[in-house]
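Read the structure below first, then the notes.
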Amino acid sequence: MSGVRRPVIGIAGHHQLVPRPFGELPVHGAAAAYAAAVTACGGRPVVVPPGAGPGLLDVLDGVVLTGGDDVGADPARDADETALVRAVVAAGVPLLGACRGLQVMAVALGGVLDDVTGHCRPAAGHAVTTRPGSVVHGLVGAAVTTTALHRQAVAAPGRHWRATAWAMDGTIEAIEATDPALPALGVQWHPELFWNDAPQDPTGPAVFAWLVRLAENGSTGARRRA
């Protein structure tokens, strides 16, 4: 990508308390695998502090919503990330949600979640089938075995999203925008774990390359020049 502006991908960070010898240190961060995934696919990753994302969309070319605790476990994080989803969608910035990130995408625009069982399988993962003609079908094919590390799932995506992948029990495993002009994809698995020793996910290169490619095509630099 020499001579080409590499797109800047914002990874939504969240508040954590890190134990130190002098006490707990408040930090903003995200799992390192997300930055590794963005870098491997040609993007430039930056961690976005909680609450700061909507004000940074003029410099971000794409956004990643990461996995983590169940929606509802951290109301402050939920509020920050749902606001970010709404701002990203309004701005038309490419968006990828992984696991919890998919769930936040759904809830932010009127979707409903439910608890699920049998979907936390770190070693084996599970089989997922995709909707023909969907973005995710084009990225991973008709069927793929993905990581499975979730206890919640989308029960009803709402009118802004449509389900495009399912586990064998019918659980929604991917959502995309009902508006085909909106560059957004949520997956219920962890594509960033392709760059992890174990568990590992085979979909990482395709999914993150999709985000980086769209971010490059619609970069803030291009928008400013226009």
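As numbered in my numbering, the sequence shown has no gaps in its residue numbers, which increase by one up to the final residue, 234.
Note that CB positions come from ideal geometry on N, CA and C, so glycine has one too.
From a predicted model like this one, the values you see are computed outputs, not experimental measurements.
List the residues that DSSP assigns as beta-bridge partners of residue i.
i: Thr138; result: Ala173
i: Pro153; result: According to the sequence as given, residue 153 is Thr; it is not Pro. The partner list for Thr153 (beta bridge, DSSP) reads Ala135.
i: Leu73; result: Gly105
i: Cys49; result: Note: Cys49 sits in no beta bridge, so no partner.
i: Pro34; result: Leu25
i: Leu193; result: Leu104, Glu184
Is DSSP giving residue i helix, strand or coil here?
i: His168; result: coil
i: Val16; result: strand
i: Pro57; result: coil
i: Ala214; result: helix
i: His23; result: strand
i: Gly146; result: helix
i: Gly226; result: coil
i: Leu65; result: coil
i: Val124; result: coil
i: Val160; result: Looking at the sequence provided, one finds Gln at residue 160 rather than Val. Note: Gln160 maps to strand in three-state DSSP.
i: Gln111; result: helix
i: Asp209; result: coil
i: Thr90; result: helix
i: Arg221; result: helix
i: Arg85; result: helix
i: Leu117; result: coil
In angstroms, rounded to a whole number, what distance separates the CA positions of residue i and residue j?
i: Asp69; j: Pro53; result: 10 Å
i: Trp203; j: Thr154; result: 14 Å
i: Asp122; j: Cys49; result: 33 Å
i: Val96; j: Gly61; result: 9 Å
i: Leu219; j: Val46; result: 9 Å
i: Thr138; j: Leu110; result: 16 Å
i: Val79; j: Thr125; result: 16 Å
i: Trp169; j: Leu33; result: 38 Å
i: Phe30; j: Met176; result: 49 Å
i: Thr211; j: Ala131; result: 16 Å
i: Gly18; j: His36; result: 13 Å
i: Pro58; j: His127; result: 28 Å
i: Phe216; j: Asp77; result: 22 Å
i: Leu222; j: Ala163; result: 28 Å
i: Gly149; j: Ser142; result: 10 Å
Can you check whether the CB of residue j is closer than 9 Å to the CB of residue i?
i: Thr186; j: Ala161; result: no
i: His158; j: Arg85; result: no
i: Leu73; j: Val112; result: yes
i: Glu184; j: Val144; result: yes
i: Ala173; j: Ala182; result: yes
i: Val67; j: Glu224; result: no
i: Ala38; j: Val55; result: yes
i: Leu65; j: Val93; result: no
i: Pro165; j: Gly119; result: yes
i: Asp209; j: Gly133; result: yes
i: Ala135; j: Val71; result: no
i: Arg108; j: Gly51; result: no
i: Ala41; j: His198; result: yes
i: Gly226; j: Gly63; result: no
Taking only beta-carbon positions, decide if residue i is within less than 9 Å of chain B.
i: His158; result: You won't find chain B in this structure, because it holds only one protein chain.
Examine the ligand MN and report whether any of its heavy atoms sits within less than 8 Å of the Cβ of residue i.
i: Leu68; result: The model on display carries no ligand, and the ligand MN is accordingly not part of it.
- Taking 8 Å as the threshold, find out whether the segment 190-198 comes into contact with the segment 91-110 through three or more Cβ pairs. yes
- Stretch-stretch touch, CB-based, cutoff 8 Å, three pairs: the segment 75-90 with the segment 141-153: no
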